[in-house]
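There are 2 protein chains.
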Amino acid sequence: MSLDGQLPPKMRLLRAAAELLANSGGAPVSTRQITQLAGVTAPTLYHHFGDKEGLFDAVVAAGFEEYVAGERDFAPSGQPLEDIRRMWDNHVQFGLNQPELYLVMFGNIRPESRPAIVADAEALMEEMLNKAAVAGQLNVQPREAARSILAANVGVTLMLIAEPASDRNLELSTMTRDAMIFAVSAEPAPGAAPGDTGKSSVVVAAIALNAALQASHSDQLSSSELKLFLEWLHRISTSPAG
Amino acid sequence: MSLDGQLPPKMRLLRAAAELLANSGGAPVSTRQITQLAGVTAPTLYHHFGDKEGLFDAVVAAGFEEYVAGERDFAPSGQPLEDIRRMWDNHVQFGLNQPELYLVMFGNIRPESRPAIVADAEALMEEMLNKAAVAGQLNVQPREAARSILAANVGVTLMLIAEPASDRNLELSTMTRDAMIFAVSAEPAPGAAPGDTGKSSVVVAAIALNAALQASHSDQLSSSELKLFLEWLHRISTSPAG
DNA sequence: TCAGTTCATATAGCATTGCTATAGGTGCTA
DNA sequence: TAGCACCTATAGCAATGCTATATGAACTGA
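The listed protein sequences derive, respectively, from chains S and C.
Reminder that position 129 of the first sequence reads as 129 in my numbering, one-by-one numbering, no gaps.
Numbers in my numbering are just positions in the second sequence, counted from 1, shifted up by 242.
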């Protein structure tokens, strides 16, 4: 019943906790179960992780690294918005493959504990959206778009996890995904008249310039000039009249 | 320290549990805390609710009734899509007002336990979307639209709960909300050329007819005819070529 | 009126939980 | 060999969810 006798106890604890969590089906996992499966006694756990929550945080961190690796895995297609779609699908798939871990990561988020993960996930998506913004394909600030898309992505994934695996319908995911991407994108819909973006082109251009500037660290302006310039740009690109 | 001495113990237990849960800040609430606050001993709890989880299910059920009441509270504005917006905002506000309860309701949903609540919430939103569909304002089936919008709604609310209350930015909510509504709606965007809906008008009309038929129980067709007719209608209204 | 029945609550305690005070190896450097 | 830092084990505590059993109250039917 013990786990990989030759790994160091810390690793064995991590794996045991992850495995038990994955197979728990929502039931709480006790430290005794974990230490027994790891072939270790209680104080070892508390020596390495301080706390039961510390151990689970470590499990979550490992899970998140796996998630990030998955999100970075594929080569950019050259079409940023297409890459965003793949990020979305990757996110959903991660949640469905490891529902218990996912619920710990995104289902129980509370202000005092967890938003670091959310911030990292948002940064990951914002990074990709920046490319879209530079290419003039974005309607709104990349950060706002990332937050919005990620929120919908999490909501969809939770809904799919809540459904019995048998009648899980991934159309919910693709539909919501495309709706969100369409909403933030400056490109015309696949059948609409070209040039009709819903936002004036000056806003799109401002957003693109903003993103490009932040990516390239241009030397043409002094830092104080740049700061003011960016402020104006921001004001333009978030103008409600757009 | 005891709670409203004159209510029946079952009620006092419910209120004590709700109150402790609301103020727990995420920390687990023990049955001893609950029974002490309710001025009752342990077996009373298990007599009435069977289980700690049973008690919390009852709390959730009460919370959900409050939620539904809030969603039905306002008079329909005559513009179904505007009512959907209000439902969305109501949902978010409910979550922010009772974050702990909300997290129990929507943050920990697992296939085996909780989706009844989700189904009810979806039905509530679908009901409203049906009116939009009848009015020819919908791009997709009301059920799919409801699922999609609710998923995004839950995701946004969870994200907002996760943020410290100080820098909570409701713009995330309004932006995501309008993106989702726009995506499912057949109406032109507030600045786009009229008539450009992204979907062909035949699809919109088919969806509208479908919704109208299901609402009015027309007698013009036999039940078997109607069944086939609805099937065709469904095929048209979900046609990818639309 | 009173035994019988049902419902509701209390006393006391069990098994399990997260966690720790203390002590005992290990392997290294001097 | 002694000293030291690191890691692990023995044993046990307080708190938890829950229950076996008993007591009270309220109603029913004769």
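Positions of the beta carbon are idealized from the N, C-alpha and C atoms, including for glycine.
All figures in this text were calculated on a predicted structure; none of them were measured in a lab.
Taking 6 Å as the limit between beta carbons, can you name the residues of its chain near residue i, skipping five residues before and five after?
i, result
"residue 269 of chain C", "none"
"residue 140 of chain S", "184"
"residue 9 of chain S", "40 and 44"
"residue 319 of chain C", "325"
"residue 168 of chain S", "160"
"residue 102 of chain S", "95"
"residue 330 of chain C", "395 and 419"
"residue 53 of chain S", "none"
"residue 308 of chain C", "none"
"residue 390 of chain C", "none"
"residue 289 of chain C", "none"
Output needed for residue i: all residues of its chain with C-beta closer than 7 Å, excluding positions within five of it in sequence on either side, in chain order.
i, result
"residue 58 of chain S", "14 and 49"
"residue 338 of chain C", "402 and 403"
"residue 156 of chain S", "92, 172, 173 and 176"
"residue 262 of chain C", "271, 275, 276 and 279"
"residue 392 of chain C", "363, 364 and 367"
"residue 332 of chain C", "312 and 313"
"residue 349 of chain C", "400"
"residue 68 of chain S", "124"
"residue 360 of chain C", "351"
"residue 154 of chain S", "106"
"residue 144 of chain S", "none"
With distances taken between CB atoms, is the gap from residue i to residue j smaller than 8 Å?
i, j, result
"residue 421 of chain C", "residue 180 of chain S", "yes"
"residue 260 of chain C", "residue 279 of chain C", "no"
"residue 370 of chain C", "residue 306 of chain C", "no"
"residue 273 of chain C", "residue 284 of chain C", "yes"
"residue 342 of chain C", "residue 408 of chain C", "no"
"residue 485 of chain C", "residue 303 of chain C", "Because chain C in this structure spans residues 243 to 484, residue 485 of chain C falls outside the shown range and cannot be described."
"residue 388 of chain C", "residue 322 of chain C", "no"
"residue 86 of chain S", "residue 74 of chain S", "yes"
"residue 158 of chain S", "residue 351 of chain C", "yes"
"residue 358 of chain C", "residue 152 of chain S", "no"
"residue 163 of chain S", "residue 353 of chain C", "yes"
Could you tell me which residues DSSP pairs with residue i in its beta bridges?
i, result
"residue 20 of chain S", "According to DSSP, which records beta bridges pairwise, residue 20 of chain S is partnered with nothing at all."
"residue 380 of chain C", "C:427"
Is any heavy atom in the ligand HEM found nearer than 7 Å to the beta carbon of residue i?
i, result
"residue 122 of chain S", "The ligand HEM is absent from the structure shown, which contains no ligand whatsoever."
Residues in its own chain within less than 8 Å of residue i by CB, not counting five upstream and five downstream?
i, result
"residue 340 of chain C", "264 and 305"
"residue 412 of chain C", "334 and 402"
"residue 7 of chain S", "15"
- Query: Residues in the stretch 14-48 of chain S with C-beta within 8 Å of chain C's C-beta atoms, listed in sequence order?
  - Reply: 25 and 26
- Task: Pull out every residue of the stretch 152-173 of chain S whose Cβ sits closer than 8 Å to any Cβ of chain C, in chain order.
- Result: 152, 153, 154, 155, 156, 158, 159, 161, 162, 163, 164, 165, 171 and 172
- Query: Going along the stretch 174-187 of chain S in order, which residues come within less than 8 Å of chain C, judged by CB to CB distance?
  - Reply: 175, 176, 178, 179, 180, 182, 183 and 184
- Task: Report the residues of the stretch 61-88 of chain S with a CB closer than 8 Å to any CB of chain C, ordered along the chain.
- Result: The residues in question: there are none.
- Which full runs of the alpha helix (DSSP H) of 4+ residues lie inside the stretch 39-126 of chain S, going along the chain? 42-49, 52-73, 80-97 and 99-102
- Message: Along the stretch 379-395 of chain C, where does the CB come closer than 8 Å to a CB of chain S? Name the residues.
- Response: 382, 386, 389, 390, 392, 393, 394 and 395
- Task: Quick one: which residues of the stretch 331-345 of chain C get their C-beta closer than 7 Å to a C-beta of chain S? List them in chain order.
- Result: 345
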